[in-house]
Amino acid sequence: MPAYRSPEDLSGQVVVITGSTSGIGLALATAVAARGGDVVLNGLGDAAEIEKTRAALEAEHGVRVRYHAANMLNGAEIADMVAYAEAELGRLDVLVNNAGIQHVEAIENFPIEKWDQIIAINLSSAFHAIRAAVPLMKAQGRGRIINIASAHGLVASPFKSAYVAAKHGVIGLTKTVALELARDNITCNAICPGFVHTPIVDKQIEDQARVNNMPREQVMQDIILAKQPSKEFITVEQLVGAFLYLASDAGAGTNGAALTVDGGWTAQ
Ligand code: NAD
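Quick note on numbering: the working numbering labels position 259 of the sequence shown as 849, and the sequence is numbered without any gaps.
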């Protein structure tokens, strides 16, 4: 029997996190490195900034941190990212499908190319990454797949048709993969955050402030946090807690779940 993996121990584990140059993904990458795990970063951004982040994580935590530039619009690049993790770092223990974008618009005006991009980045990218990762995890006899869905994977809001459709799709994909791998010591779960104050939400606050002619503080309380009973943003630390549970052996019995971290939003 391999040793029990507590949530605080990621030593020797290799974790691939899509969309980890910013926000939630970067917070998860930092949490992994701080617990001894090696990380493959991915995401868009300025190459020099990304290299600075990569080198700083490596130096501060004494782990191996690599970066792969796969665009989540491209299935072949995603498969290459997974192969790179094994080639560079020797294994793949945890795959986190986190990259995502948002666009807010009435259905009849929703730009067709935005629909296609959101479905590709927020949903199909997880399919491509999981498809490539599962043979490695099966060969290793253990694996963890964690999909960052959303409260919008469980309930809808107006003007977010593509995002809500994609996130509901992520939860369906999560359940299916969980069932397929239930005898392989590989779990597949979704984390469903409520609103977290990251760049993706900052842009929505700005847009809503402009459209509604409201100060930012009022937008946050009256519009953004209106659905979140706690009336507070979810913190990245709270998401790290959910992630560590699912990545560890403490979470071995949780499979195919949509774990809410939403301040009570979807309890309503
Ligand atoms: P963010 O904008 O800070 O980060 C998104 C990441 O995805 C960035 O690293 C970005 O470079 C990457 N990305 C975007 N398009 C990409 C592409 N084509 N190829 C590769 N990478 C790409 O946003 P965030 O809040 O950290 O969001 C992370 C995930 O959490 C998303 O899936 C989002 O839907 C989900 N989520 C966020 C919130 C929230 O309130 N912030 C709530 C629920 C779910």
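Built from N, CA and C at the ideal position, the CB exists for glycine as well.
Just so it is clear, the structure is predicted and the values come from calculations on it, not from any experiment.
- Within the chosen limit of 7 Å, the ligand NAD reaches the beta carbon of ALA689 through at least one heavy atom.
- Looking only at CYS782, LYS757, GLN692, LEU682, the smallest Cα-Cα distance to ARG734 is reached by LEU682.
- Contact between HIS742 and VAL754 holds, with the beta-carbon distance rounding to 5 Å and staying under 8 Å.
- PRO819 has its Cβ no nearer than 7 Å to any heavy atom of the ligand NAD.
- For the ligand NAD, no non-hydrogen atom lies closer than 7 Å to the CB of SER838.
- Every unbroken stretch of the alpha helix (DSSP H) spanning 4 or more residues and falling wholly within the stretch 617-653 is given here in chain order: 637-651.
- In the DSSP assignment, ARG656 falls within the unbroken beta strand (DSSP E) covering 655-658.
- About 6 Å separates the CB atoms of ILE824 and PHE785; that is less than 8 Å, so the two are in contact.
- About 10 Å separates the CB atoms of VAL622 and VAL630; that is not less than 8 Å, and the two are not in contact.
- Pairing VAL851 with PRO783 gives a Cβ-Cβ distance under 8 Å.
- Under DSSP, PRO783 forms a beta bridge with VAL851.
- For ALA710, the closest of VAL801, LYS757, VAL809, PRO592 by C-alpha to C-alpha distance is LYS757.
- Here LEU685 carries a strand assignment [DSSP, helix/strand/coil].
- Secondary structure note for VAL604: its beta strand (DSSP E) is the uninterrupted segment 604-607.
- Closest option to ALA857, judged by alpha-carbon separation, among GLY843, ALA799, VAL745, ALA729: VAL745.
- Distances from the CB of THR850 to the heavy atoms of the ligand NAD are all 7 Å or more.
- Per DSSP, ILE738 lies in no alpha helix (DSSP H) segment; the continuous beta strand (DSSP E) that holds it begins and ends at 733-738.
- Cβ neighbours of ALA675 within its own chain (closer than 7 Å, five residues either side excluded): VAL604, VAL606, VAL630, LEU682.
- Straight-line measurement puts the Cα of HIS651 at about 28 Å from the Cα of ALA722.
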